[in-house]
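*Asks:* Residue numbers (our numbering): 15 to 563. Ideal Cβ placement from N, Cα and C applies to all residues, glycine included.
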Amino acid sequence: MSEKPTPDNQTILLIDAFLQGTISDQQQAELERLLASDSEQRQLYIDYMQVHNGLTTWTNETTEPADWVPQPVSQSHPSRLRSPRFLLMLVSSLVAATLLLSLAYYAGWNTRADSSSAIAESSIDQPADETSQPQTDHIALLTQAVGVEWDTNRNLQAGAGLSAGWLKLKQGTIQVELISGASILIEGPAAVKLISPLKAFCQFGKVRASVPEQAQGFTMETSRLNVVDLGTEFTLSLDQSGSGQVQVIDGKVELHSTDSQSTPANVQSLTTGEGVQFNQRGTIDRLQEAILPLINPEELSQLVEQQQTQQFERWQKQNALLKADPSIVAYYDFEESSNWLRTLNNKSQQKPASSSHGAIVGCQWTSGRWPQKRSLEFKRTSDRVRTHIPGEYQSLTFMAWVRIEGFDRWLSSLMLTDGYNDGNPHWQLSDKGEMILGVKTGPGKNYFSPVVLQPTDLGRWIFLVTVYDHQKQEVVHYLDGVAVSHHEIENPIPLVIGPAEIGNWRPQEHSGAHSIRSLNGRLDEFALFGRALSADEILQLYQSGKPNS
Numbered sequence: 015m016s017e018k019p020t021p022d023n024q025t026i027l028l029i030d031a032f033l034q035g036t037i038s039d040q041q042q043a044e045l046e047r048l049l050a051s052d053s054e055q056r057q058l059y060i061d062y063m064q065v066h067n068g069l070t071t072w073t074n075e076t077t078e079p080a081d082w083v084p085q086p087v088s089q090s091h092p093s094r095l096r097s098p099r100f101l102l103m104l105v106s107s108l109v110a111a112t113l114l115l116s117l118a119y120y121a122g123w124n125t126r127a128d129s130s131s132a133i134a135e136s137s138i139d140q141p142a143d144e145t146s147q148p149q150t151d152h153i154a155l156l157t158q159a160v161g162v163e164w165d166t167n168r169n170l171q172a173g174a175g176l177s178a179g180w181l182k183l184k185q186g187t188i189q190v191e192l193i194s195g196a197s198i199l200i201e202g203p204a205a206v207k208l209i210s211p212l213k214a215f216c217q218f219g220k221v222r223a224s225v226p227e228q229a230q231g232f233t234m235e236t237s238r239l240n241v242v243d244l245g246t247e248f249t250l251s252l253d254q255s256g257s258g259q260v261q262v263i264d265g266k267v268e269l270h271s272t273d274s275q276s277t278p279a280n281v282q283s284l285t286t287g288e289g290v291q292f293n294q295r296g297t298i299d300r301l302q303e304a305i306l307p308l309i310n311p312e313e314l315s316q317l318v319e320q321q322q323t324q325q326f327e328r329w330q331k332q333n334a335l336l337k338a339d340p341s342i343v344a345y346y347d348f349e350e351s352s353n354w355l356r357t358l359n360n361k362s363q364q365k366p367a368s369s370s371h372g373a374i375v376g377c378q379w380t381s382g383r384w385p386q387k388r389s390l391e392f393k394r395t396s397d398r399v400r401t402h403i404p405g406e407y408q409s410l411t412f413m414a415w416v417r418i419e420g421f422d423r424w425l426s427s428l429m430l431t432d433g434y435n436d437g438n439p440h441w442q443l444s445d446k447g448e449m450i451l452g453v454k455t456g457p458g459k460n461y462f463s464p465v466v467l468q469p470t471d472l473g474r475w476i477f478l479v480t481v482y483d484h485q486k487q488e489v490v491h492y493l494d495g496v497a498v499s500h501h502e503i504e505n506p507i508p509l510v511i512g513p514a515e516i517g518n519w520r521p522q523e524h525s526g527a528h529s530i531r532s533l534n535g536r537l538d539e540f541a542l543f544g545r546a547l548s549a550d551e552i553l554q555l556y557q558s559g560k561p562n563s
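#1: Use the C-beta contact count for Gln325: other C-beta atoms within 10 angstroms, 16 or more gives buried, fewer gives exposed.
#2: Considering just the uninterrupted stretch of the alpha helix (DSSP H) at Asn333, what are its terminal residues?
#3: If you drop the 5 nearest sequence neighbours on each side, which residues of the same chain put their C-beta closer than 7 Å to that of Asp299?
#4: Taking only three categories from DSSP, how would you classify Ser51?
#5: Is it buried or exposed for Gln55, if we count other Cβ within 10 angstroms and need 16 for buried?
#6: Residues in its own chain within less than 6 Å of Arg536 by CB, not counting five upstream and five downstream?
#7: Per the DSSP calculation, Asn240 is bridged to which residue(s)?
#8: Which residue wins for smallest C-alpha separation from Trp354, given the options Gln364, Ala373, Thr285?
#9: Tell me, which residues are paired with Gly420 by DSSP?
#10: Kindly indicate the opening and closing residues of the beta strand (DSSP E) around Leu533.
#11: When DSSP labels each residue in this structure, what does Ala514 get in the three-state scheme?
#12: Give every residue of the same chain whose Cβ lies closer than 6 Å to the Cβ of Leu181, excluding the five residues on either side of it in the sequence, and list them in chain order.
#13: Report the three-state DSSP secondary structure of Phe32 (helix, strand or coil).
#14: Threshold first: 3 residues or longer. Then list the beta strand (DSSP E) segments lying entirely within the stretch 149 to 221, N to C.
#15: Any idea what DSSP makes of Ser369, helix, strand or coil?
#16: According to the neighbour-count rule (16 or more other Cβ atoms, all chains shown, within 10 Å of its Cβ), is Gln189 buried or exposed?
#17: Spatial neighbours of Val510 within its chain, please: CB distance less than 7 Å, with the 5 preceding and 5 following residues excluded, ordered by chain position.
#18: Taking the continuous alpha helix (DSSP H) assigned at Ile552, which residues delimit it?
#19: Going by C-alpha distance, which of Ser409, Ser257, Pro226 is nearest Val242?
#20: Evaluate Gly452 with the Cβ neighbour count: other Cβ atoms within 10 Å of its Cβ, from every protein chain shown; 16 or more gives buried, anything less gives exposed.
#21: Check Thr455 in the structure and name its three-state DSSP category.
#22: Quick check: Ala50 and Gln41, are their CB atoms within less than 8 Å of each other?
#23: My guess is that Leu478 and Ala546 are in contact by the Cβ rule of under 8 Å, so how many angstroms apart are they, rounded?
#24: Classify Pro439 as helix, strand or coil using the three-state DSSP reduction.
#25: Going by the DSSP bridge assignment, what does Thr285 pair with across the sheet?
#26: CA-CA distance, Thr73 and Phe462?
#27: Rounded to a whole number of angstroms, what is the C-alpha to C-alpha distance between Thr246 and Gln320?
#28: Who are the Cβ neighbours of Gln378 in its own chain at under 6 Å, not counting the five residues just before and after it?
#29: Compare the beta carbon distance of Gly175 and Thr470 with 8 Å and say whether it is the shorter of the two.
#30: If the criterion is Cβ atoms closer than 8 Å, does the pair Asn562 and Ala172 meet it?
#31: Are Val343 and Gly544 touching if we call contact CB-CB under 8 Å?
#32: For Asn167, count neighbouring Cβ atoms within 10 angstroms of its own Cβ and tell me buried if that reaches 16, exposed if not.
#33: Given 8 Å as the limit, is there contact between the stretch 500 to 520 and the stretch 472 to 491, that is, 3 or more CB pairs closer than that?
#34: With DSSP collapsed to three states, give me the class of Thr25.
#35: Under 8 Å Cβ to Cβ from Thr286, same chain only, skipping five residues before and after it: list those, please.
#36: Under three-state DSSP, which class holds Ile1?
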């Protein structure tokens, strides 16, 4: 049975309703009666209003952020949830809730211990939608892929994180490293389902598993038997009818029947050099003839090197086309002749301004997408490339091949203008994995993609493109050749870059925590097009430049 509120509690509830504008005529009459008849209630009212006025002043000073600090805008259609009016109402509500709780404590409210679970922390900068949060449910990593044609819509590249699910290959070879430490090579055609860090299911195909001591017990299941590795390496070959072979290369495995409980009577052990063959009925016989050798990691490495050479040659052809593209404003391919050079040349053949050649500050030369390709590494907060892009552009396309090593701060620069004046663009990434294009148009407009970069994307080469399309009045973000978000431009204006930095920011007038936006990673190609590239053109650029295919 609920207790009747004390006079102090009742007064606080009535004052709060008054401030929120929800007080009824009956409640207002009750509040007036309490204040007129009780001096302690009048003092409580005075204390409450003083605190409220102070917090209101603080709210007014802090709810209008600097326009150079990105604030999300809606995709395609404006939303009331991101309007200044809504934000002010939200902050005011939070302030009032905080005030109410504080004064409740002051007035001696006794709240039940389990009531705290009803109070959730919230932030207007962090949507509650799970799709807007980085996902970390990966159980494996795709470390190599050679000559692969996938039998699904997933066009995975080496470096991709893998969740539980199917890997289906029409052809080619992949290497998968599970977080348990087990490593498996899969030759197509094949269908293998990852179940957990210590378990997978093979429907058909060829599999070579290497299992260190840390992953002992790794199990490769089939429809007829399960292979439990006790260390260290075995192969499995399985056709689509369910017949197959198992052979131990080194160490020991156990074969468990799937038709009955695993007891000593129906568990068979195999050691180095031994093998069995089995059919769809579950009959198991000693292997009379060894399995044809499956590819080993050394052979896979050689195939990877051959593929990398072919891919680099393909990119070189695309590179020549980009240099000659008349719409290129600035093209940095990072293919400079010496590690001692501190200039990043604009390779456009359209007679670019000398100021558009980049001045390298701090960054060190290293390898890029392929061993033959060069890149710049951005590590320290001082690392950057200074440039100056003259002109005014109705539309712009920003393009970069980047390898992110970590999100060290809230914002990481791809390219930022020194200032943030009308028409200045800021292209950057958030620490949650969002792509952001900010454009100064009175109060700055910022176009946030959903969270598209996950923790497992760190350390792999990714292709980022953002299009500012004046004619269509939209901003489009692309990851690896695929559009990930579209945003309406309410008032398109020409873009002006001028003095700017790649991989960092030197703000002219701003300071504070958000002014440090240095990139932690590598860049090995960067371009600005003075037009809006089409989706087909962007996909073609990705196909020609992707490091694994």
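*Replies:* A quick look at the data gives this:
#1: buried
#2: 311 to 338
#3: If we look at Asp299 and ignore the five residues flanking it on each side, its Cβ neighbours are Val290, Gln291.
#4: helix
#5: buried
#6: Ser389, Glu391, Arg417
#7: According to DSSP, Asn240 bridges with Glu235, His270.
#8: Ala373
#9: Gly420 is not bridged to any residue.
#10: From DSSP, Leu533 is part of no beta strand (DSSP E); its letter is neither H nor E.
#11: strand
#12: Val206
#13: helix
#14: List check, beta strand (DSSP E) in window: 154 to 164, 179 to 192, 197 to 210.
#15: In the three-state scheme derived from DSSP, where H, G and I count as helix and E and B as strand, Ser369 is classed as helix.
#16: That one is buried.
#17: Shown here for Val510: same chain residues with a beta carbon closer than 7 Å to its own, the five before and five after excluded, namely Glu406, Gly437, Asn438 in chain order.
#18: 549 to 559 is the span of the alpha helix (DSSP H), which, as asked, contains Ile552.
#19: If we check each option's Cα against that of Val242, Pro226 comes out closest.
#20: buried
#21: coil
#22: no
#23: So it is not a contact: roughly 16 Å between Cβ atoms.
#24: strand
#25: Lys266
#26: Confidence in Thr73 is poor, its pLDDT being 41 and thus under 50, which makes the residue's placement unreliable; the coordinate value appears in the next sentence. Whole-angstrom Cα-Cα distance: 25 Å.
#27: 29 Å
#28: Glu391
#29: yes
#30: yes
#31: yes
#32: exposed
#33: Three or more Cβ pairs closer than 8 Å define a contact, and the stretch 500 to 520 meets that threshold against the stretch 472 to 491.
#34: helix
#35: Val262, Ile263, Asp264, Gly265, Lys266
#36: As displayed, the chain neither begins before 15 nor continues past 563, which places residue 1 out of reach and without an answer.
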